[in-house]
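First the structure, in the form of structure tokens, and then the observations on it.
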Amino acid sequence: MEFFNKAKAIRLHSHHNKYLVADDDEVTVRQSRNGSSMEARWFVEFVEGNTHLICLKSCHGKYLTASNEPFLLGMMGDKVLQMIPSSKNHSPIEWEPIGFRVKLRTRCGKFLRANGSTPPWRNSVTHGVPHRSATQDWLLWSVDVVDMLEYFLCGFILIGYLLLNKIRLTIGLIKWDIHILNSRI
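Residue numbers are given in UniProt numbering: position 137 of the sequence shown equals residue 137, and the series is strictly consecutive.
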């Protein structure tokens, strides 16, 4: 969760060495090797009244949404889409980050999953409950902070400034000590 506290925008990197991207059709969410595109950038918003939940907004202004629509009829896993919530029920766009290698859990207990294997699963993203130990890693995401919140950035700049001044002061004192030693010789 600490990744998200200071983040304004992130990239999510899957176990398959691909990034979570918002497709240009403004509906589909998939995986891509191109992590430098704007489609791989997700803006972090915190859920009011619950500091453990976040919403992720795509570059298209739509939210990462856990839908109830099956990815493939008769198969495990539901679609993950980009959507704007239509009602007061925002729970499909709320995600709980868990762990260091992050798992993103929905309010109903399902996890964001980066699918692998052959088409139509390849590069797809679904949410569900894992039933096989072989696919447990498909739930894990690495978080790259792409843009930091301004007050955290200001804090880092201030720390850098203070360290630089301390170094300058230390160098100045060393020069002064050398000057005094030279004058005594």
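Every residue gets a Cβ at the ideal spot worked out from N, C-alpha and C, and that includes glycine.
Alpha carbon to alpha carbon, how far is residue i from residue j?
i, j, result
"Phe4", "Phe43", "10 Å"
"Ser117", "Val145", "28 Å"
"Glu69", "Glu2", "31 Å"
"Asn17", "Trp138", "11 Å"
"Lys8", "Val125", "23 Å"
"Glu26", "Leu56", "14 Å"
"Gly49", "Ala114", "29 Å"
"Gly74", "Pro130", "Only weak support is given to the placement of Gly74: the predicted model assigns it a pLDDT of 49, under 50, and the question is left unresolved by the model."
"Leu12", "Gly99", "14 Å"
"Asp23", "Ser58", "9 Å"
"Gly35", "Arg41", "8 Å"
"Arg107", "Gln136", "19 Å"
"Pro85", "Thr65", "9 Å"
"Ser87", "Val47", "16 Å"
"His15", "Trp121", "15 Å"
"Met76", "Leu140", "18 Å"
"Ile10", "Glu45", "11 Å"
"Gly61", "Phe111", "22 Å"
What does residue i pair with, by DSSP beta-bridge criteria?
i, result
"Val145", "Ile10"
To the nearest whole angstrom, what separates the beta carbons of residue i and residue j, a pair I think is in contact under 8 Å?
i, j, result
"Ser67", "Leu81", "5 Å"
"Met38", "Tyr63", "That belief does not hold up - the Cβ atoms of Met38 and Tyr63 are roughly 16 Å apart, past 8 Å."
"Leu149", "Lys6", "6 Å"
Taking the runs of the beta strand (DSSP E) that are 3 residues or longer, which of them lie wholly in the UniProt domain "DUF569" (1 to 141)?
7 to 14, 19 to 22, 29 to 32, 42 to 46, 54 to 57, 63 to 70, 78 to 83, 95 to 98, 103 to 106, 111 to 114 and 125 to 128
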